[in-house]
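In this note's numbering, the protein residues as written are 16 to 446.
Only one structure is covered here, and it is reproduced in the block below.
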């Protein structure tokens, strides 16, 4: 990526915060660097060190912003600093000039010093700071929906341990890293809020419950926790309902659910059914939770049309049932059942925001090939910070509509170009 990036329209006065103020658009990366430095001050430093901690982080941060490799970012920044620096530069006997930014191998060694537990704490602090900023700028409100889903990252190495799981859904490998992502949805804005690297045979139930409890402790009002069938546990529903939240989750198509579908198609019951959801009979601790099933049609079909076609004999019972799915919720229905059911069915579709969010994270830049779990975790953290920055800047631009901004949609690429310019502008002042 070129250092001189031409933006599609002027940024000055557009609603984005000036770059040199305390709360600038790179404040989330400043927080990221501060958290890393605060956790590495006890680490023993080399006696004759050439670089400061900031030098390693500059190469990492710039590579994430521009979506390029650390090697490319290191070389680009090194040339930039040598060109801008005043005074004589030391030249070695073989013609090489003294570097201003460490090489890729040194940056990778530095990042490996940050263990996975430290990386988790850094992620929690950085995302909390970003959510706080989103609240202060009214990008989101205190009332949020929580979206939870898994994402897989293929692994092509030779490791065989609990952090590497098996998979059949990746090309060229049967191994993967499994991540559990958490995000919040408020005021039509989606922001990432947490990430866990899930080990083999690790229960996901405590991770979900702890995160929702954490949001309540932070003062958020959780409306719905929207999850997929992978979290089909009565314990999760019971715990979240006990905290004051509600759950939206698709129901598994067991025999009882199939009978409910048939009753609806035959006109014996309505679109909403009450259901007692419980743990398995052999579970050590059994949980029970009263839920309500809401039926909806698949593939953009009409639920009422499916029912009418079945009753006219145009669809068999099997085909009609296969075109209907059930959503399970802990919320009690309101007065107008049909409109409430339609709203809840539509509300569940917000879950796709986190899936599209994971795809956006992958588009930020090429996937890393590092075999170290902590380095890959830090890479994902940086991408989440960039994603949240993009979404927040997009809202800020919308709030400050100028004549040349009315019909412009702030893209992920434009946001990264803007941040790259901000980064170089700040560094130019410091050289």
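Glycine residues also receive a C-beta, built at the ideal position from the N, C-alpha and C atoms.
Quick caveat, the model's predicted, so the values are computed rather than measured.
Q. Is there contact between the region 381-390 and the region 165-183, where contact requires at least three CB pairs shorter than 8 Å?
A. At 8 Å Cβ cutoff, the stretches touch.
Q: Check the C-beta distance from residue 404 over to residue 439 and give it rounded, since I have them as a contact under 8 Å.
A: Actually they do not touch by this definition, with Cβ atoms about 17 Å apart.
Q: Enumerate, from N- to C-terminal direction, the unbroken beta strand (DSSP E) stretches of 3 or more residues contained entirely within the region 231-296.
A: DSSP runs (the beta strand (DSSP E)) wholly in the region 231-296: 236-241, 261-265 and 287-293.
Q) Under the rule that 16 or more other beta-carbon atoms within 10 Å means buried, what is residue 415, buried or exposed? A) Only exposed fits residue 415, as fewer than 16 other CB atoms lie within 10 angstroms of its CB.
Q) Count the other CB atoms within 10 Å of the CB of residue 484; is the residue buried (16 or more) or exposed (fewer)? A) The requested residue 484 does not occur in the structure, where the chain is confined to residues 16 to 446.
Q) Does the beta-carbon distance from residue 89 to residue 129 come in below 8 Å? A) With respect to the 8 Å criterion, residue 89 and residue 129 are not classified as neighbours on the basis of their beta carbons.
Q. From which residue to which residue does the beta strand (DSSP E) around residue 211 run?
A. Element bounds for residue 211: 204-213.
Q: State the Cα-Cα distance for the pair residue 202 and residue 297, rounded to the nearest angstrom.
A: One C-alpha to the other measures close to 42 Å.
(Q) Using a 10 Å radius around the Cβ and a threshold of 16 neighbouring Cβ atoms, would you call residue 260 buried or exposed? (A) The residue is buried, with at least 16 neighbouring Cβ atoms inside 10 Å.
Q.
Nearest by alpha-carbon distance to residue 146: which of 208, 264 and 301 is it?
A. Measuring from the Cα of residue 146, the nearest candidate turns out to be 208.
Q) When the Cα atoms are used, what is the spatial distance from residue 448 to residue 230? A) Nothing about residue 448 can be read from this structure; the chain reaches only from 16 to 446.
Q: Would you kindly report the start and end of the unbroken alpha helix (DSSP H) that includes residue 166?
A: Under the DSSP assignment, residue 166 falls outside any alpha helix (DSSP H), being part of the beta strand (DSSP E) whose first and last residues are 158-169.
Q | Whole-angstrom distance between residue 74 and residue 150, CA atom to CA atom | A | Spanning the alpha carbons of residue 150 and residue 74 requires a straight line of approximately 30 Å.
Q. In the structure shown, what three-state DSSP assignment does residue 410 receive?
A. Looking at residue 410 - three-state DSSP - the assignment turns out to be helix.
Q: Can you tell me which of the three DSSP states residue 74 falls into?
A: Helix at residue 74.
Q) In this structure, what does DSSP give as the bridge partners for residue 344? A) Beta-bridge annotation (DSSP): residue 344 is paired with 263 and 307.
(Q) I need the boundaries of the alpha helix (DSSP H) containing residue 45, first residue and last residue. (A) That run of the alpha helix (DSSP H) goes 42-55.
Q: Using only alpha-carbon positions, find the residue among 118, 270 and 236 that is nearest to residue 256.
A: Of all alpha-carbon atoms in 118, 270 and 236, the one lying nearest the alpha-carbon of residue 256 is that of 236.
(Q) Since residue 318 and residue 339 should fall inside the 8 Å C-beta cutoff, what is the C-beta to C-beta distance between them, to a whole number of angstroms? (A) Right, the Cβ-Cβ distance comes to about 7 Å (below 8 Å), so this counts as a contact.
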